[in-house]
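Notes follow once the structure below has been shown.
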Amino acid sequence: MLAIIGGTGLTQLANLDVSRRQVVRTPYGEPSGPLTFGAIRGVPVVFLARHGYGHTIPPHQVNYRANLWALKEQGAGDIVSVVSVGGIRTDLGPGRIVVPHQIIDYTCGRMNTFFENEAPVKHIDFTEPYTDELRNKLLAAAKACGEAAVDGAVYAATQGPRLETAAEIDRLERDGADIVGMTGMPEATLAREIELAYAAIAVVVNHAAGRGASVRGVPLQRIEEALKDAAGRVRRIIEAFVAA
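Spelled out as C-alpha cells, the structure:
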C-alpha cells in the first residue's frame, strides 16, 4: 500500500476518498496523528500529516519513528513524502517542484534509529537515500500530468524550527546542497531501516536566506502563498503516480 506523508501546506488530501481514520499505538509512542485510510482512483492509500492536524508539531519534535512504524504496521510498503524547502541553487526558486536524489543531514538530537537498547545492531546501506523506482515513477507522473519537476537535488536537512542564517546557507552550498528543509531526516533513514521504499516531492516555497528575494530576509508571508499555490499541483502528481 502507498503511504503519503504530508508536510507543511498538505495536511489532507482532497482527492482521497476517505474510508476510515485510525489511531495507532507504537512501541515508540504516538504518531503525529491518526492515519487516514482511503483510495485514490480505487487504489488504497494511507495518509499521515507529519506536523499533526492544525500544524502543531515543529520539525524537531516530530515522532519520526512512530510515524514510520505505524505506517509499516498498517501495511504500507511505499512512502511518498511531501516536504517544503528553500531553494539554494539559483534555478530553484519558489514554485519549483523537485524530486531530490541525495541528502546531507545537519540535524541533531533526534531519535534517528530503531536499532537501540535491546534491538540487535544492524548496519544499513544508505548510499542512495531515496528509492530509484519511486523517484522515477514520481518524475513520470509529473510529466504525465503536465507538471514540471526537477530530476535530482541534494537536500540539506537542518534542525529548525528557525530558518537558517545567510552564512549557514553559504556553508550548505559549499557542501553541495541544492535545497534546504527540516524534515527529510531522520525520516529517510528510518524508512530504510524498516525496509520501506521512500521518495520525496520537495516544493520550493522560498529562496534560501541570502539568496534571491531572501537576500535581506526571508519573506515569511510569501511562504504560505507558495504552499497554497503548490498544493493542487502536488495532488495532481500524486493522482498520476497512483494511476500509473
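Using the numbering used here, the letters of the sequence shown map in sequence onto residues 983 to 1226.
Glycine residues also receive a C-beta, built at the ideal position from the N, C-alpha and C atoms.
Measuring straight from C-alpha to C-alpha, what distance separates residue i and residue j?
{"i": "G1163", "j": "T1038", "result": "17 Å"}
{"i": "Y1112", "j": "A1179", "result": "8 Å"}
{"i": "A1181", "j": "A1048", "result": "18 Å"}
{"i": "Q1133", "j": "G1069", "result": "With the sequence shown as reference, residue 1133 is identified as Asp, and Gln is not the correct amino acid for it. If you take the alpha carbons of D1133 and G1069, they lie about 14 Å apart."}
{"i": "I1061", "j": "L1053", "result": "9 Å"}
{"i": "A1148", "j": "F1223", "result": "36 Å"}
{"i": "S1001", "j": "G1199", "result": "44 Å"}
{"i": "I1219", "j": "A1213", "result": "10 Å"}
{"i": "L998", "j": "A1031", "result": "13 Å"}
{"i": "R941", "j": "G1075", "result": "Residue 941 is absent from the model: the chain starts at 983 and stops at 1226."}
{"i": "P1026", "j": "P1168", "result": "26 Å"}
{"i": "F1019", "j": "Q1203", "result": "32 Å"}
{"i": "R1117", "j": "R1217", "result": "16 Å"}
{"i": "K1104", "j": "A1131", "result": "35 Å"}
{"i": "A1184", "j": "S1066", "result": "6 Å"}
{"i": "I1151", "j": "G1024", "result": "43 Å"}
{"i": "L984", "j": "G1192", "result": "38 Å"}
{"i": "G1142", "j": "W1051", "result": "23 Å"}
{"i": "D1211", "j": "G1128", "result": "15 Å"}
{"i": "D1160", "j": "P1201", "result": "19 Å"}
{"i": "E1055", "j": "A1195", "result": "43 Å"}
{"i": "D1087", "j": "K1119", "result": "25 Å"}
Between which two residues does the beta strand (DSSP E) holding residue i run?
{"i": "Q1141", "result": "Counting along the chain, Q1141 falls outside any beta strand (DSSP E), and DSSP gives it neither H nor E."}
{"i": "A985", "result": "L984 to G988"}
{"i": "G1163", "result": "I1161 to G1163"}
From the DSSP output, which residues share a beta bridge with residue i?
{"i": "Q1084", "result": "V1136"}
{"i": "P1026", "result": "A1021"}
{"i": "R1078", "result": "Looking at the DSSP assignment, R1078 forms no beta bridge with any residue, so it has no partner."}
{"i": "V1060", "result": "According to the sequence provided, residue 1060 is Asp. The question's Val does not apply to it. Looking at the DSSP assignment, D1060 forms a beta bridge with L984 and A1179."}
{"i": "Q1004", "result": "L1017"}
{"i": "V1185", "result": "S1066 and I1079"}
{"i": "A1011", "result": "Here residue 1011 is Gly; the residue named in the question, Ala, does not match the sequence. According to DSSP, G1011 bridges with T1008."}
At what residues does the alpha helix (DSSP H) containing residue i begin and finish?
{"i": "G1214", "result": "L1202 to A1225"}
{"i": "D1157", "result": "A1148 to D1157"}
{"i": "L1050", "result": "Y1046 to E1055"}
{"i": "D1114", "result": "D1114 to A1126"}
Is DSSP giving residue i helix, strand or coil here?
{"i": "L998", "result": "coil"}
{"i": "Y1180", "result": "strand"}
{"i": "R1092", "result": "coil"}
{"i": "G1194", "result": "helix"}
{"i": "T1072", "result": "coil"}
{"i": "A1031", "result": "strand"}
{"i": "T1171", "result": "helix"}
{"i": "P1102", "result": "coil"}
{"i": "P1260", "result": "With the chain covering 983 to 1226 only, the question about residue 1260 has no answer from this structure."}
For chain B, check one thing: does any of its Cβ atoms lie closer than 7 Å to the Cβ of residue i?
{"i": "K1104", "result": "The structure shown contains no chain B; it holds only a single protein chain."}
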